[in-house]
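Residue numbering for the sequence shown follows our numbering, starting at 24 and increasing by one per position. We treat Cβ as the ideally placed atom computed from N, Cα and C, and that holds for glycine. What you are looking at is a predicted structure, and each value in this text was computed from that prediction instead of being measured.
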Amino acid sequence: MDSQIAKILREADQIILSAKSREDLERVYIKFFGKNSDLNKLTKKILTLPKEQKPKAGQQINLVKRELEKLFEEAKTRLSSQLSALSSPIDPTAPGKRIQLGHLHLVSQAIEEIVEIFSKLGFLLQSYPEIDWDWYTFESLNMPKNHPARDEWETFFIKASPDPKYGSQVLTPHTSNGQVREMQRVKKPPIRMINIARCYRRQIDVSHTPMFHQFEGLLIDKNVSIPDLKGTFNFFTQNFFGPDRVTRLRPHHFRFTEPSFEVDITCDVCDGRGCRMCKSGWLELGGAGMVHPKVLKSGGIDAQIYSGFAFGWGIERTIAMKTNTDDIRLLYQNDIRFLEQF
Ligand code: DAH
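Right, here's the structure in full:
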C-alpha cells in the first residue's frame, strides 16, 4: 500500500502541474478522485485488510486525499490568475500612449491677446448681455424705431412681451449695446472699456457666420479727439498684426458716431501695394467714430464737457486677416488639421 500511495503522489505532482486549463484540471481531478481512480481502489481495499491494519491505512488515504486537494487548489489559483492576466484590458507591459496636448481655440487666443493689448492702454474688460433690450441695442444708440439703419442688424428677437421703456429683447447683432450700459455703470467719465461678446446676424458666406464675436471699445474723457482714436488703432494694429502695419480712416456713416469711419489696415500679403486679397493695398478692419452727442445723452453724460470715441469689429474677421484665412467658416468647422496650425 505504501508504495502505491507514493506512486499516486509522484504522478499527481507532475500531472496536476501540467494542466493548462480549467477543463484539463477537471479531467485530472476525475483521474485521481473518480470511481476508477487508484485512490478509490485503495480505499475499497481497506475493507479487505485485517482489522488492526485498517485505522492506519485509513489515515494514510486521508492524508493523500488532503495532499491532492491542496495540489488542486494551488493549480486552480495559478490558472485563474493566468487567465485573468490574459483577459485583462490593461497590459501593464505595453508602452504608454502619448497624450496629444491641445490649445485654446483661435478665437479664445485672439480674445486674450486683444484684451491684453488694450489693457496696456488702460481699457478694462466688461461683459454686457448677449440678449439685450431694443433700447440698449438700437434706440439709445440713435437708431429710432423703424429707422432703416436698423435693417441690417434687426435679426433674432425673443418671444416675450416688450417692456414699455426698453422694448423687445434681441440677440445682440453688435457689441455697441455695451456703450450706454457702461456710461450708466461708471456715471462720471473717464471711461475706457472693452466689451467682447457673441453677436448674431442673418448672414453666412466666406466672410460671415451667423454667430460671431465682436469687440467694442469706448473711451470717454475731456478733450478726446480723432488723433487719440487714430493713435489707439495704430497701437493695437502694430501689437496685434505686426510693427510694419499702419491704419487709415475712411469716412463712413454710423448712427451712433459723428464723424464716423471705417478703419483699414495695410495688407500683409502685398505690403500695401495691392493684390487679390485686398482693396488696393488695404483691408477693412471695422467701424469707429466719435461718440454721437445723442448717445452720450442716453448714457447721462454731458456732451458739452465730455467727448469720446468708440469702435467695434469682428474677432473672426480680425483673425482671418492676421492668418490670411480666406474662409471664416473654417474657424467653426472644428477640423483639427486647420486648428492645430495655430
Ligand atoms: N456696431 C457696428 C457694427 O456692428 C460697429 C461699430 C461702428 C461700432 C462704429 C462702433 C462704432 O462703436 O463707433 O458694424
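Using beta-carbon positions only, say whether M300 and D349 come within less than 9 Å of one another.
In the sequence shown, the residue the question calls residue 300 occupies position 277. In the sequence shown, the residue the question calls residue 349 occupies position 326. For M300 and D349, yes; Cβs fall inside 9 Å.
Proximity test, P196 beta-carbon vs the ligand DAH heavy atom, cut-off 8 Å:
Residue 196 sits at position 173 when you count from the first residue of the sequence shown. Yes, the beta carbon of P196 sits closer than 8 Å to at least one heavy atom of the ligand DAH.
What does DSSP give as the partner residue(s) for N218 in the beta ladder?
In the sequence shown, counting from the first residue as 1, residue 218 sits at position 195. N218 is bridged to Q149 and E239.
Classify D186: buried if its beta carbon has 16 or more other beta carbons within 10 angstroms, exposed otherwise.
Within the sequence shown, the letter at position 163 stands for residue 186. Exposed: under 16 other Cβ atoms inside 10 Å.
Hey, out of E239, T116 and G119, whose CA is closest to T160's CA?
To locate residue 160, count along the sequence shown from 1; it is residue 137. Among E239, T116 and G119, the Cα nearest to that of T160 belongs to E239.
Where in the region 133-186 do unbroken runs of the beta strand (DSSP E), each at least 3 residues long, occur, reported from the N-terminal end onward?
147-149 and 154-156
3-residue-minimum beta strand (DSSP E) runs that sit fully inside the region 243-285, ordered along the chain
270-275
Does the separation of the CB atoms of E177 and V203 fall below 9 Å?
Position 154 of the sequence shown, counted from the start, is the residue given in the question as residue 177. Position 180 of the sequence shown, counted from the start, is the residue given in the question as residue 203. Not a contact, by the Cβ cut-off of 9 Å.
I'd like to know if the region 160-169 and the region 283-295 are in contact, where contact means that at least 3 CB-CB pairs between them fall below 8 Å.
no
Using the Cα positions of I328 and I243, report the straight-line distance between them to the nearest angstrom.
Looking up residue 328 in the sequence shown gives position 305. Looking up residue 243 in the sequence shown gives position 220. The alpha-carbon atoms of I328 and I243 are separated by roughly 10 Å.
Collapsed DSSP secondary structure at I377 in the structure displayed
The displayed coordinates of the chain run from 24 to 365. Any statement about residue 377 would go beyond what the structure contains.
If you draw a straight line from the C-alpha of D228 to the C-alpha of L106, how long is it?
Here residue 228 refers to the residue found at position 205 when the sequence shown is read from its first residue. Here residue 106 refers to the residue found at position 83 when the sequence shown is read from its first residue. If you take the alpha carbons of D228 and L106, they lie about 59 Å apart.
Can you find a heavy atom of the ligand DAH that lies under 8 Å from the Cβ of G240?
Within the sequence shown, residue 240 is the residue found at index 217, counting from 1. It does: the Cβ of G240 is within 8 Å (strictly closer) of some heavy atom of the ligand DAH.
Since S321 is in the alpha helix (DSSP H), which residue starts that stretch and which ends it?
Along the sequence shown, one-based indexing puts residue 321 at 298. Element bounds for S321: P316 to S321.
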